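Residue numbers (mature numbering (1 follows the signal peptide of the UniProt record, and there is no 0)): -23 to -1, 1 to 185.
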C-alpha cells in the first residue's frame, strides 16, 4: 500500500511540475566527495569490527590484564621484600669501619684506583720498531718532521707573517679581547642610558 501511495504521489508531482523543474530533475548531479565518503565508511567499518572483536573477546582481555597486573604485583612485592631484608641486615658500625678501612687503603702501582689489576702499557714492554715488525737494527726517528735549530727561526717568522696576513691570534687572547670589547660596549650603553634619563628628568623639571 505504501508503495502504491508513493508512486501515485510521484505521478501527481510530475504532472504538476513545470518544464524548468523537469529539466532540473532530469539533470544528473555528479558528486565530488566520493573518496571522503569511502574513507568515512572504511573508518566506521573498522570501528564496528573493533567493537565487535572487543565484545567477543572481552573476558579474554580481562583475564590477560588481570594476569599482567598480578605478575607486576608479585615482582613489586619481591623487590620490596629484598629491600626490607637488606635494610634489616644493615649494620651502621660495620659500614663506618669499612669506610675508614677504604680511606686508609694505600693504592699500589699495579692496581687501578678501582681496585682492578692495572695492565702495563705496550710502550713499557716493546719498542716502536718491534710494534711495527721492522728488521733488527732499523731505527725510527721519533723527531721526524720537527724543525731543527736552524729552521726554527724561519718557521716562527712564517707563522708571524701568516697571523698578520690572516688576522689569526691566540684563542685565549682573542677571547679576552672580545670580552673586553663587550664590557666596554656595555659600559658605553649604560652611560648613554643614564645620560638620557638625566636629560629627561631635567626636561620635566623645566616644563614644570
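Every residue gets a Cβ at the ideal spot worked out from N, C-alpha and C, and that includes glycine. Owing to the predicted nature of the structure, the values given are computational and were not obtained by experimental measurement.
Short Cβ contact (8 Å threshold) for residue i with residue j
{"i": "residue 117", "j": "residue 131", "result": "no"}
{"i": "residue 99", "j": "residue 111", "result": "no"}
{"i": "residue 95", "j": "residue 88", "result": "yes"}
Endpoints, the alpha helix (DSSP H) within which residue i is located
{"i": "residue 119", "result": "That residue, residue 119, is in no alpha helix (DSSP H); it is neither H nor E in DSSP."}
{"i": "residue 30", "result": "11 to 33"}
{"i": "residue 106", "result": "105 to 109"}
{"i": "residue 101", "result": "Unbroken run through residue 101: none, as it is neither H nor E."}
{"i": "residue 134", "result": "129 to 143"}
{"i": "residue 70", "result": "69 to 80"}
For residue i, the residue or residues it bridges with in DSSP
{"i": "residue 94", "result": "88"}
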